[in-house]
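*Asks:*
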Amino acid sequence: MFVTHLTRCEQLRFRIEKMSGGGEKGTGTTKTPADFLKSIRGRPVVVKLNSGVDYRGILACLDGYMNIAMEQTEEYVNGQLKNKYGDAFIRGNNVLYISTTKRNVADGA
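Going by the UniProt record's numbering, the sequence shown opens with residue 1, and the numbers climb by one from there.
1) Would residue 67 and residue 91 qualify as a contact pair, given that the criterion is a beta-carbon distance under 8 Å?
2) Assuming contact is defined by CB atoms lying nearer than 8 Å, are residue 71 and residue 87 in contact in what I supplied?
3) Using alpha carbons as the reference points, say which of 80, 93, 62, 78 lies closest to residue 45.
4) Using the rule of at least 16 other Cβ atoms within 10 Å of the residue's Cβ for burial, across every protein chain shown, is residue 73 buried or exposed?
5) Using 8 Å for Cβ pairs, my map puts residue 76 next to residue 84. What's the rounded Cβ distance?
6) Could you tell me which whole alpha helix (DSSP H) segments of length 4 or greater appear in the UniProt domain "Sm" (32-104)?
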């Protein structure tokens with residue numbers, strides 16, 4: 001039996017490839033979470049915090065600690081709009097997830 005020693009990152013990447021059928025169809029490449037985060041800069045996102053509060057706006061930038069800078073930011077508590085901010089900074093340890101949205105923040109739709 002052949003045994004290989006992979007780093008945890010390599011193991012995770014292998015599992016993701018296996019589940020997704022080997023990466024993006026036709027390209028032979030695997031899209032990592034870092035690739036996803038790079039691809040959504042400048043696009044509308046929803047950032048859900050551990051507290052349950054949502055922030056919706058344009059993703060300006062983020063770093064390796066998941067600290068997030070957003071523009072045209074709206075704060076939602078229990079689905080209700082509570083505040084609007086021009087720019088917002090969210091500390092990464094509070095972030096539960098980041099999701100893209102088709103909602104046009106500027107239009108409010």
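Glycine included, C-beta positions come from ideal geometry on N, C-alpha and C.
*Replies:* In short:
1) yes
2) yes
3) 62
4) buried
5) Not confirmed; about 11 Å, so no contact.
6) 33-39
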